[in-house]
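Worksheet: one structure, shown below.
2 protein chains.
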Amino acid sequence: MEETCKILFQPENEYIVVKKGENLLKAAMAADVHINASCGGAGSCGKCRVVIETGEVERDPSPKLTEADIAQGYALACRATIQTDLTVGIPIESQIGDKRIFARKEPVPVAGHILSAEEWQERLPKWDLSPSTQKVHLTLDSPSLDDNTSDAERVKRGLSVNAGMRDVVVDFPVLQRLPNMLRQSGWDVTVTVLDSGEELRAVRIEQGDTTARQSAIAIDVGTTTISAELLDLKTGTVTAKASDYNAQVAFGEDVITRIIYATKGTGLAKLQSVVVGTIWNLIKNLVETADIEYCNVTHIVVAGNTTMMHLLLGLNPKYIREEPYIPSGTFFPWVKASDLGLRIAAGVYLYALPCVSSYVGGDITAGILGSGIFNTDKLTLYIDIGTNGEMVLGNKDWLLSCSCSAGPAFEGGGVKHGMRATRGAIEQVRINKGNFEPMILTVENKRPIGVCGSGLIDCLSEMFLSGVINEKGKINLDLPTNRVRATEGASEYVLVGAEDSATRRDIVITEVDIDNLMRAKAAVYAGIQILVHSMDLEMEFIEELLIAGAFGRYLDIEKAVTIGLLPDIGFDKIKFVGNGSLLGAHLSCLSKELLVKAQEIARQMTYLELSANPGFMDHYISALFFPHTNLEDFPSVAAKLAEVRAMQSAMRAQDAGNGVIA
Amino acid sequence: MEETCKILFQPENEYIVVKKGENLLKAAMAADVHINASCGGAGSCGKCRVVIETGEVERDPSPKLTEADIAQGYALACRATIQTDLTVGIPIESQIGDKRIFARKEPVPVAGHILSAEEWQERLPKWDLSPSTQKVHLTLDSPSLDDNTSDAERVKRGLSVNAGMRDVVVDFPVLQRLPNMLRQSGWDVTVTVLDSGEELRAVRIEQGDTTARQSAIAIDVGTTTISAELLDLKTGTVTAKASDYNAQVAFGEDVITRIIYATKGTGLAKLQSVVVGTIWNLIKNLVETADIEYCNVTHIVVAGNTTMMHLLLGLNPKYIREEPYIPSGTFFPWVKASDLGLRIAAGVYLYALPCVSSYVGGDITAGILGSGIFNTDKLTLYIDIGTNGEMVLGNKDWLLSCSCSAGPAFEGGGVKHGMRATRGAIEQVRINKGNFEPMILTVENKRPIGVCGSGLIDCLSEMFLSGVINEKGKINLDLPTNRVRATEGASEYVLVGAEDSATRRDIVITEVDIDNLMRAKAAVYAGIQILVHSMDLEMEFIEELLIAGAFGRYLDIEKAVTIGLLPDIGFDKIKFVGNGSLLGAHLSCLSKELLVKAQEIARQMTYLELSANPGFMDHYISALFFPHTNLEDFPSVAAKLAEVRAMQSAMRAQDAGNGVIA
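Sequences listed follow chains A and B, in order.
The numbering of the first sequence is my numbering, which starts it at 1 and goes up by one.
The numbering of the second sequence is my numbering, which starts it at 1001 and goes up by one.
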């Protein structure tokens, strides 16, 4: 059991239970307790001073905290690590101001949860640990004048007799090693056989019995990040994990710029070698971490979007980006890893999970496999949001997919201070509904550099709820705060002042940024509507909404619903699948039946081309509102909005009573 | 019709009909007319002077023939080309001597004939021109937003709809070319599909309709010679032929020395690259001769002995030569020609016909296919004699094979003046039964350098019949000729004196040579006996005897029977198949059903290992006689022998009467 600590915040009288070792500012954020914090947790603004009234915290040193402060119990919340149960007093200067106007809210359960391994298993049909490669140990009779069949035929006879494998094709490199290997081993060998679906192929021969040592590698080749797992094929367990940026990032942030690069000169070869380089580094990392031999690995399964698969396999991606958006291929044969430049060990073959279309790739096929949608009665919506939003609606009887170009806004692109979710990116934002002051948290608690996707959604949601922006995304310059201001270009909200940012410049959200984000969320929502309406269904019929992808992992579901990115169908229906692409690759590594299932999924999934869909534009335009033109479709948002507005009215009335000019 | 000329030789009154342009000495040889000729047709000895009494010949200039000679009608037979019907007078000095003792013989029909193309067709089951590669012309619908399947799936759909080809696997290089090719061609392409037996594979894509241009290449990879044919797959006809020495010859004359070379250091890679070099030169030659493009070629089928197949494919041949003689493999998958270093054109695959064992290779499988034995009711014996003698006995119901190590004697190895059948090799020999003087003919009519295989068999047969050697192969030193002599090492017969040889040394046949040749012929004959007796059959039950291989092409059947190399079962049963290996490769190129048939032949053929056969040694020892210990098994030889001996007696009596000392 992990140790937990109960933290009581005063004077709010809010408490929360968190893990021992948690950061105190994060705990406050989770408890919905506001502490002024402008520097994202970097410890530079010194605004998040709190008093540890009971219990113990570890304080990171900070020039903003003197020995005298510590003697009086002060700590900087962003620099304090929780060690015991605590009572934390928030001094007046660290509160939003002098007003505590909000009534206590009922605690909101964390919306969405990441499915556990056990939950996954329940979602899948029964499957056996039966990987595409199998090691067969053979103790062969040595040849004689009376039994002088060739080495290859002897091995094939052994495979037939011992493993029931008939008509095995012997790979040339195996044929080449066969004679010496058989004799050096005293006719005692282990043969690795790949079942490609079309044929059985002997891909490796080793001396003695090596059947106890067999691993496979599952890889998710993302546009930004590549993640890999080493799987022990004897136990089916993960023995190592690794991930790294896709080194192709240096040649373009998104698939479109990569495609453009690939179609010029030797660009394709370059991008292929670069992604292979990243994968090779990950494989080295996995093998070293698990302390195995490279030759334990017998196969690799990769999943990724259609462009990533083209670039990895060296296929021309040019027409993926030109209407009518045609990939070179969607199904790919098993290929020798060495043919791609991955010289991991002799006879390792790689399988790229099949794609559905140019913009619904093998990562989605993998996700549908891994999340078990192909096996459920429940009407399920699967969403993977990145530069493109891929969506799949369906159940065990049918699957309908589409993809919308969300643009790079959710990944920080096309947003003035947008950035990827790296160190210093603002990932969580709260805005006080009274004085419109922000509370922010950055990745790794560094001085803020910009805002990443989840931070942007938080930001939009908070700006909208607090009334900094209206339902059209326009900033209300009449608010009594200097955080909103008109500039030459567009009005903006100052999230972090220059004095607290790592860049020494204001970090702002502009109306242009908001417009870009609104277009992105509108495209996703319109896509969902098209899927639902194509089947003559209603949004409320969706029984489960699964969110996949790295972006999804940090997404605050409630905020995403508030801005109208996700449908307002009840938070209990929403779950995170984490990296669905990696999960599908993982399962396909372990079970050839599931790999075949992935092929069936890709083959059977219908793809709706949104740009060819006459209804898309109407849905899209209706979605260019917060949360949506049809507010009645977002009842929880409407209720929250009403609540906040009522509070703000009450506050203004109180301010008026106190003589404060609103 | 070819022009023929009738040549009448005087005083013998023998005539023969030959083609216009034939060499006059050859015509005399064929007519069994003896003209003194020691220099093998080089024009240097000047002994073959004849008088052209009527008709015209073309005389090559020779210092042995003056203007005055020509004015008198003289010609050197070896330098004269027949232009018209002739009456040829053989002057006394060009005759064997002054004695014409042999009665005129009844003309003997040429023993054995080379099967014509029509005869081949009759031997095979009905087969269609249906090569393993097929070109399919596709006019595809261009994609649209409503029909946005991937390029590869579109092509596969086209192949399914237009050619009924389902589940075609698209080769990676094709997948890589697909997008640009489809669009540049306006969706009008030709796809080449390989039917490997296990799967259909799209191996090439070309712009427009190229179906009219499709060729394949059949290759016989011999230890000494590589022969190749270019086949037009639209018509099934041969459009070019080429052959050359296997450049591996520089690394060893026979398979054993090649295997030894291959098993040291990088020997295997070297031998592979060298044979690929020879094949590449032949392909260039074929393509240039036929004036086609390299890319017209869509597949290659090769046949060769098991060692040659190992060396071509880069497989370890080491254990082929070590008891119990095990090859790496006998069945080989289709392999990309480029993987072997043959960069003929994109997507050309090569198939090596399957072998039966280490010493019954794909050349024999091919020969059995080509000669139609697998399809006949007749009990057939198929023989391919080289360093190894491979023999197959059987019919459509069963096939039994064996191989005996004949040693290199028939290829001139282990024989003092033995040589391959190249320029200056004595290829035909007659020995006068009266005075034991030889009449010889060399390849290309050059001064003699040595004796090749067919010449050696001629020589042995003539020495035996004339009594120069006895049935044990011992030279009769008592003969009244200085051509036989005892030396320090072994007795010998002088075939060519130093004054007439190109080497300026005597060309002799020694008792050691004879012993080696006898062992070789005994091994072959004993092998045949084992095959026949294994099936409880008798030699006379053989209904057809097919002789394959380059050696067979020059073999004088009658002489081969005389020495006991071939069974004495009647010359009319014996036929030459020419290059059976090339023929089988040719047929497998044209018809995938026949290629499958070749696989069945190799799989079903039983292999008898002679070294493990208890009866072999007895048969072998019995065969160490001319023609055999059991002379009753060679009735035609016995009759001939009796006839010659009677003539010699008559001659001796006549000499005695004339006072000549015998």
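Every residue gets a Cβ at the ideal spot worked out from N, C-alpha and C, and that includes glycine.
Since the model is a prediction, treat every value here as computed from it, not as a measurement.
Residue-chain proximity (residue i, chain D), Cβ-Cβ < 8 Å
i       : result
D1151/B : The chain labelled as chain D is not found among the protein chains of the depicted structure, namely A and B.
Pairwise C-alpha distance: residue j and residue i
i       : j       : result
Q654/A  : M647/A  : 10 Å
T225/A  : S328/A  : 23 Å
I1563/B : T1387/B : 18 Å
Y204/A  : Q1604/B : The question names Tyr, yet the displayed sequence has Arg at residue 204/A. Cα to Cα, R204/A sits roughly 28 Å from Q1604/B.
N1305/B : L1230/B : 21 Å
C1045/B : S150/A  : 55 Å
L1495/B : L1342/B : 46 Å
V1524/B : G1361/B : 17 Å
S1160/B : S1130/B : 18 Å
I1326/B : L182/A  : 12 Å
R483/A  : N432/A  : 12 Å
I385/A  : G549/A  : 7 Å
A613/A  : T487/A  : Checking the sequence shown, residue 613/A turns out to be Asn, not Ala. Each residue's alpha carbon lies about 39 Å from the other.
S196/A  : L350/A  : 10 Å
I1373/B : K1026/B : 34 Å
V1108/B : D1032/B : Bear in mind that a pLDDT of 31 at V1108/B, under 50, signals an unreliable position, so the number given afterwards is only what the model happens to contain. V1108/B and D1032/B: Cα-Cα distance of roughly 10 Å.
H1628/B : A1656/B : 33 Å
C459/A  : L555/A  : 12 Å
P1143/B : N1180/B : 14 Å
E609/A  : I320/A  : 13 Å
P317/A  : W127/A  : 35 Å
D568/A  : V637/A  : 8 Å
Cβ neighbour criterion (16 or more within 10 Å) applied to residue i
i       : result
N1470/B : exposed
A68/A   : exposed
D705/A  : Nothing in the structure corresponds to residue 705/A, since chain A is present only between 1 and 662.
F541/A  : exposed
Q72/A   : exposed
Q428/A  : buried
V17/A   : exposed
Coarse secondary structure for residue i, derived from DSSP in three states
i       : result
H34/A   : coil
D1254/B : coil
E1288/B : helix
F464/A  : helix
S44/A   : coil
E1022/B : coil
D458/A  : helix
N1388/B : strand
T701/A  : Outside the shown range of chain A, which is 1 to 662, sits residue 701/A, and nothing can be said about it.
R420/A  : coil
R1201/B : strand
H299/A  : strand
C1078/B : helix
Rounded distance between the beta-carbons of residue j and residue i, thought under 8 Å
i       : j       : result
Q1272/B : G314/A  : Between G314/A and Q1272/B the Cβ distance is about 27 Å, and since that is not below 8 Å, they are no contact.
T1278/B : D1244/B : 6 Å
V1155/B : V1170/B : 7 Å
Under 7 Å (Cβ pairs) to chain A, residues found in the segment 1154-1185 of chain B: The residues in question are V1169, V1170, F1172, L1175, Q1176, L1178, P1179, N1180.
Members of the segment 1061-1082 of chain B near chain A, C-beta cut-off 9 Å: From the segment 1061-1082 of chain B, no residue has a Cβ closer than 9 Å to chain A.
Near-chain B residues of the segment 317-332 of chain A - C-beta to any C-beta below 8 Å: Residues passing the 8 Å Cβ filter: K318, Y319, E323, P324, Y325, I326, P327, S328, G329, T330, F331, F332.
Residues of the segment 291-319 of chain A in Cβ contact with chain B at a cutoff of 8 Å, in chain order, please. Cβ contacts with chain B: L313, G314, L315, N316, K318, Y319.
Please identify, using Cβ separations under 9 Å, the residues of the segment 1332-1363 of chain B that lie next to chain A, in order along the chain. Cβ proximity to chain A below 9 Å picks out F1332, P1333, V1335, D1339, C1355, S1357, S1358 from the segment 1332-1363 of chain B.
Using a Cβ-Cβ cutoff of 7 Å, what residues of the segment 1137-1149 of chain B are near chain A? List them in chain order. So the close ones are P1143, S1144, L1145, D1146, N1148.
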